[in-house]
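> Mind looking over this structure? Questions follow.
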Amino acid sequence: MIKRIKVGMASCGIAAGASEVKKFLQQNIDDENIEIIEVGCIGHCYAEPLVEVETEKTSIFFDQVEPTEEYLEKILSVDKNSAMTFRDERVSREKLKVTRLAGRIDPVSFDEYIEHGGYQSLEKARKMQPEEIIKEVKTSGLRGRGGGGFPTGLKWSFLAAKEAEKKILICNADEGDPGAFMDRSMMESVPHQVLEGMLIAALATGATELFIYARAEYPLAVKNINKAIDQIYEHKVNVFDDRVIDITVKEGAGAFVCGEETAMIHSLEGNRGNPRFRPPYPTDEGYKGYPTLINNVESFSNVPIVIKEGGKKYAELGTENSKGTKLFALAGDLKYAGLVEVPMGLTIGEVVYDIGGAQRGEVKAVQIGGPSGGCIPAEHFDVPIDYDSLESLGAIMGSGGLIVIGSNRCMVETARYFLEFTTKESCGKCTFCRIGTKRMLETLEKITKGEGSMDDIEFLEDLGPKVIEASLCGLGQTAPNPVLSTLRYFKDEYLAHVKDKHCPALQCNDLVDIFLDQETCIECRQCIKNCPVDAISDDFVVDNDICTRCNTCVEVCPVDAISRVKRGEKNG
Amino acid sequence: MQLLEPLEKDRSNLIKAIQMVQAEKGFISTQAIKEISDHFGIPVVEVEGVLSFYAQFKRSKPGKYKIAVCDGTACHIKGSSRVKNWLVEELKIDDGETTEDGLFSMETVACLGCCSLAPVVSINGKVYGNLNRKKLLKIIKDYKNRGDN
Ligand SMILES: Cc1cc2nc3c(=O)[nH]c(=O)nc-3n(C[C@H](O)[C@H](O)[C@H](O)COP(=O)(O)O)c2cc1C
Ligand code: FES
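Residue numbers (the working numbering), protein chains in the order written: chain A, 7 to 578; chain B, 536 to 684.
Now the structure itself:
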């Protein structure tokens, strides 16, 4: 007997076609006893659209479901043979704590969150003294998941110690790191857990006005968290003995730097999001001058677990200085992209190869920590994931973006990409960040075009540390990292661009020709038909002066007769 | 502006106000800036200053179908620059421009949060993933042929 059918409808599911699947199921199942509901993301994004069928006894998942009779049949007959298999390589390494309920429950059902133990930690915290709560968080060793890794309990104690007419708490849901979606997924899938963490923090610190600063590109996350807030008000979860807690969602407006805490405060106040010098720290002087605490979505999502287990138990998982689990948004050149939650101390290799299913030998590096982070080459994949080990390799834990870079990608181009990003996003306040990143970008562009010299490489090595030194906020202080870390591990690629005018990965368009091998060609004319600029002649020769290197022909050729080659190598 | 009436005249609501106007009109006209500045009782330059800081705000009318090409890290690795070029060729517009018939506008954005389906684009907020040229051109064609254009 089927009880419920759950369709994964987080952004990733919807993008893969989950809405159509849900509609189809609703139209074609006319059994009133079967409830069809929307849930969030279980993290296996590669398998979307995902449907879970719950019976009295068990539940099974179906992956890559299509809105067809065939799948309907499988679902209704709870066909175990067609069920999705959860690979042991992944299951045995993951540790689902923060995301335990993600994709399992209806994100906007208050009752369901309660049924699964929701708000029990808040209840427990209500019976504790604020100092006791803070002590548990300190004991847990929880460190900020937004990138900085600052001890959460310690930060709370700063705010708690403040005497003020009003104290503010902000949840940083700006998730600006391109290629990261942990916070989005949590807000879409279990918004109440984020709110529970925030309310516990309010209890511990005495804050009464709570904000969630959410990224503009996350409409579903904003929608779900707003619904959850309405439910909190309705059930008076936000009413404490002596005070009522206000929670408001504020939407960002598309500026990466607003993820930085002082910039975020300016933005919340209705100003340009320029960061300012610290001290004073926000816990001393924050939003509208009031003492303000800022934590990340994932940090808050950990709090109910800390309180439930107790700090000591929580600290059993992880390494010496990094406790608990970390969420990673795993994407790029691998088989099983998605959201993973692993205990601190697992190695990068385990995440990339075992969980992500990337092929050994086909991976060059991972990029961790986004524009502020660095690249870790495959030789170092045995490094454990913890704050300190990653830093010793010139990378950072960051907020959780983990992009796998295949052997066919150019590292100079990857560095150029991040510099372009930070150059665009620099607020312009500090000279070195505004102009220094720009000069670095121009130099990288020169190199990827084959116009670079050895002086340019030296220039990058010289300017990078200066930008770090002379910038006020984390944006400029970390912007050169992607360049410096690729220079550290992949200098040979820089040298190839500069000395041989060659892109070893054959990615930089200016250093590549398109070559059609007439021996292999079967004259099907697909390339000619599809070429947008008519660069291929009727006798199957590519005119590289006209060609834009768009790669369309390489992709459409059924016999792989067309390839990218070193410029000038094949065509004279 | 009537739209803004319910909004408390506190400076911290300025960004919200601009967002509301943009949601309603699709962009922020010079006239709208004036009205927003009146609402909050702050100079026009203050509004302009804030508005120009944030990438979300548009000063010119976007197309009926707003295409956002994701150039986040995952999409970049998976060839977002090609995706963009396919659109440039097909629609004859560049980043930030609108087609002559007013149907499509295009901009690149950093990460739509669907990195596992890279490369992705979104059209009026609906995300399309795992794109190749054929798939993308078909999607564009479907929008072009919509009955209500
Ligand atoms: C340029 C820049 C961007 C940042 N973006 C984010 C972000 O998107 N999300 C986030 O949680 N923290 C971000 N941070 C870090 C925050 O400033 C702050 O350290 C963090 O929100 C504190 O929360 P935590 O201690 O819970 O990590 C950013 C910092 C800088 C310098
Ligand atoms: S990088 Fe494109 S969706 Fe994240």
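Note that the Cβ used here is the ideal one computed from N, Cα and C, for glycine as well.
Values in this document were obtained by computation on a predicted structure and should not be read as measured data.
(1) Using a Cβ-based criterion (distance less than 7 Å to any ligand heavy atom), does residue 420 of chain A qualify as near ligand 2?
(2) So, at 7 Å on beta carbons, what are the nonlocal neighbours of residue 578 of chain A in its own chain, with the 5 sequence-adjacent residues on each side left out?
(3) Is residue 405 of chain A near ligand 1, judged by its Cβ being under 7 Å from some heavy atom?
(4) With a cut-off of 8 Å, do at least 3 Cβ pairs link the region 435-442 of chain A to the region 476-484 of chain A?
(5) Going by beta-carbon coordinates alone, are residue 643 of chain B and residue 619 of chain B separated by less than 8 Å?
(6) For residue 248 of chain A, which residues in the same chain have their Cβ closer than 7 Å to its Cβ, ignoring the five residues on either side in sequence?
(7) Which of helix, strand or coil does DSSP assign to residue 219 of chain A?
(8) Just the chain A side, please: which residues come within less than 7 Å of residue 611 of chain B by C-beta, in chain order?
(9) My parser needs the alpha helix (DSSP H) runs of 4 or more residues fully inside the region 153-204 of chain A; what are they?
(10) Using 8 Å as the limit for Cβ to Cβ distance, is residue 339 of chain A near chain B?
(11) With respect to 7 Å, is the separation between the Cβ of residue 336 of chain A and the closest non-hydrogen atom of ligand 2 below this value?
(12) How big is the Cα-Cα spacing for residue 513 of chain A and residue 486 of chain A?
(13) Hey, could you find the ends of the alpha helix (DSSP H) residue 490 of chain A is sitting in?
(14) Ends of the alpha helix (DSSP H) at residue 536 of chain B?
(15) Mind checking if residue 549 of chain B is an interface residue toward chain A, Cβ cutoff 8 Å exclusive?
(16) Please go through the same chain and pick out, in chain order, the residues whose beta-carbon is closer than 8 Å to the beta-carbon of residue 593 of chain B, but skip the five residues on each side of it.
(17) Going straight from the alpha carbon of residue 17 of chain A to that of residue 506 of chain A, what length do you get?
(18) Below 8 Å, can you find three or more Cβ-Cβ pairs linking the region 207-221 of chain A to the region 245-263 of chain A?
(19) Looking at residue 425 of chain A and residue 396 of chain A, is the spacing between their C-beta atoms short of 8 Å?
(20) Can you name the residues of chain B whose CB is closer than 8 Å to the CB of residue 274 of chain A?
(21) Exposed or buried, residue 167 of chain A, counting other C-beta atoms within 10 Å across all chains shown (16 or more means buried)?
(22) Counting only beta-carbon separations shorter than 8 Å, does residue 680 of chain B have a partner in chain A?
(23) Answer yes or no: the CB of residue 300 of chain A versus the heavy atoms of ligand 1, is any distance below 7 Å?
(24) Using a Cβ cut-off of 8 Å (strictly closer), state whether residue 155 of chain A contacts chain B.
(25) Secondary structure at residue 25 of chain A, three-state DSSP: helix, strand or coil?
(26) Counting only beta-carbon separations shorter than 8 Å, does residue 622 of chain B have a partner in chain A?
(27) According to DSSP, is residue 96 of chain A helix, strand or coil?
(28) Would you please verify whether the beta carbon of residue 2 of chain A is less than 8 Å from any beta carbon of chain B?
(29) Output needed for residue 344 of chain A: all residues of its chain with C-beta closer than 7 Å, excluding positions within five of it in sequence on either side, in chain order.
(30) Does the CB of residue 18 of chain A have a neighbour CB from chain B at under 8 Å?
(31) If distances are taken between C-alpha atoms only, which option among A/315, A/556, A/324 comes closest to residue 126 of chain A?
(32) Can you pull the chain B residues whose beta carbon is under 9 Å from the beta carbon of residue 343 of chain A, in chain order?
(33) Contact between the region 322-337 of chain A and the region 381-400 of chain A: three or more CB pairs below 8 Å?
(34) Under 8 Å by Cβ, that's how I've got residue 351 of chain A and residue 188 of chain A pegged, so tell me the actual separation to the nearest angstrom.
(35) So residue 600 of chain B is in the beta strand (DSSP E); what residue range does that whole segment cover?
(36) Measuring from the CB of residue 655 of chain B, is there a heavy atom of ligand 2 at a distance below 7 Å?
Judging by the given coordinates:
(1) Locating residue 420 of chain A in the first sequence gives position 414, where the first residue counts as 1. Incorrect: residue 420 of chain A has no Cβ contact closer than 7 Å to ligand 2.
(2) As a position in the first sequence, residue 578 of chain A is number 572, starting the count at 1. A caution first: residue 578 of chain A carries a pLDDT of 49, below 50, which makes its placement in the model unreliable, though a value can still be read off. Closer than 7 Å at the Cβ level, and outside the excluded window around residue 578 of chain A, lies no residue.
(3) Here residue 405 of chain A corresponds to residue number 399 of the first sequence, with the count starting at 1. Yes, Cβ of residue 405 of chain A sits closer than 7 Å to a heavy atom of ligand 1.
(4) The region 435-442 of chain A makes contact with the region 476-484 of chain A, as at least three CB pairs between them are under 8 Å.
(5) If you number the second sequence from 1, residue 643 of chain B lands on position 108. If you number the second sequence from 1, residue 619 of chain B lands on position 84. Closer than 8 Å, so yes.
(6) Residue numbering aside, residue 248 of chain A sits at position 242 when the first sequence is read from its first letter. Excluding five sequence positions before and after residue 248 of chain A, none of the CB atoms of its chain fall closer than 7 Å to its own CB.
(7) In the first sequence, residue 219 of chain A corresponds to position 213, counting from 1. Looking at residue 219 of chain A - three-state DSSP - the assignment turns out to be strand.
(8) As a first step, residue 611 of chain B must be located in the second sequence, where it is residue number 76. In chain order: 423.
(9) 158-166, 188-195
(10) By 1-based counting over the first sequence, the position of residue 339 of chain A is 333. Interface residue, yes.
(11) In the first sequence, the residue the question calls residue 336 of chain A occupies position 330. Checking the Cβ of residue 336 of chain A against ligand 2 gives no.
(12) The residue labelled residue 513 of chain A in the question sits at position 507 within the first sequence. The residue labelled residue 486 of chain A in the question sits at position 480 within the first sequence. Their Cα atoms are separated by approximately 22 Å.
(13) As a first step, residue 490 of chain A is located in the first sequence; it is residue number 484 there, counting from the start. Note, residue 490 of chain A: alpha helix (DSSP H), 487-495.
(14) Residue numbering aside, residue 536 of chain B sits at position 1 when the second sequence is read from its first letter. Note, residue 536 of chain B: premise wrong, no alpha helix (DSSP H); not H, not E.
(15) One-based indexing of the second sequence puts residue 549 of chain B at position 14. Closer than 8 Å to some Cβ of chain A, the Cβ of residue 549 of chain B qualifies, so yes.
(16) In the second sequence, the residue the question calls residue 593 of chain B occupies position 58. Answer for residue 593 of chain B: 557, 561, 562, 563, listed in chain order.
(17) As a first step, residue 17 of chain A must be located in the first sequence, where it is residue number 11. As a first step, residue 506 of chain A must be located in the first sequence, where it is residue number 500. Near 44 Å, if we compare the C-alpha coordinates of residue 506 of chain A and residue 17 of chain A.
(18) yes
(19) Along the first sequence, read from residue 1 onward, the residue named residue 396 of chain A stands at position 390. Along the first sequence, read from residue 1 onward, the residue named residue 425 of chain A stands at position 419. Not closer than 8 Å, so no.
(20) As a working mapping, residue 274 of chain A is identified with position 268 in the first sequence. Chain B residues near residue 274 of chain A: 547.
(21) Numbered from 1 along the first sequence, position 161 holds the residue referred to as residue 167 of chain A. With fewer than 16 other Cβ atoms within 10 Å, it is exposed.
(22) In the second sequence, the residue the question calls residue 680 of chain B occupies position 145. Among the residues facing chain A, residue 680 of chain B is not included, as its CB has no counterpart in that chain under 8 Å away.
(23) By one-based count along the first sequence, residue 300 of chain A stands at place 294. Yes; taking the cut-off as 7 Å, the Cβ of residue 300 of chain A has a heavy atom of ligand 1 nearer than that.
(24) Along the first sequence, read from residue 1 onward, the residue named residue 155 of chain A stands at position 149. No - not a single Cβ of chain B is within 8 Å of the one on residue 155 of chain A.
(25) Against the first sequence, residue 25 of chain A aligns to sequence position 19. Here residue 25 of chain A sits in helix by DSSP.
(26) Against the second sequence, residue 622 of chain B aligns to sequence position 87. Cβ-Cβ to chain A under 8 Å: no for residue 622 of chain B.
(27) Here residue 96 of chain A refers to the residue found at position 90 of the first sequence. Of the three classes helix, strand and coil, the one that applies to residue 96 of chain A here is helix, per DSSP.
(28) This structure leaves residue 2 of chain A out entirely; chain A is present only between 7 and 578.
(29) Here the question's residue 344 of chain A lines up with position 338 in the first sequence. Counting only Cβ-Cβ distances below 7 Å, and skipping sequence neighbours, we find 49, 50, 51, 52, 336.
(30) Indexing the first sequence from 1 puts residue 18 of chain A at position 12. Output row for residue 18 of chain A: interface = yes.
(31) As a working note, residue 126 of chain A is residue 120 in the first sequence. Ranking the options by Cα distance to residue 126 of chain A, first place goes to A/315.
(32) As a working note, residue 343 of chain A is residue 337 in the first sequence. What residue 343 of chain A touches in chain B: 609, 650, 651, 652, 653.
(33) yes
(34) Taking the first residue of the first sequence as 1, we reach residue 351 of chain A at position 345. Taking the first residue of the first sequence as 1, we reach residue 188 of chain A at position 182. Wrong, their Cβ atoms sit about 18 Å apart, outside the cutoff.
(35) In the second sequence, residue 600 of chain B corresponds to position 65, counting from 1. Residue 600 of chain B: member of the beta strand (DSSP E) spanning 600-605, first to last residue.
(36) By 1-based counting over the second sequence, the position of residue 655 of chain B is 120. Because some heavy atom of ligand 2 lies under 7 Å away, the Cβ of residue 655 of chain B counts as near it: yes.
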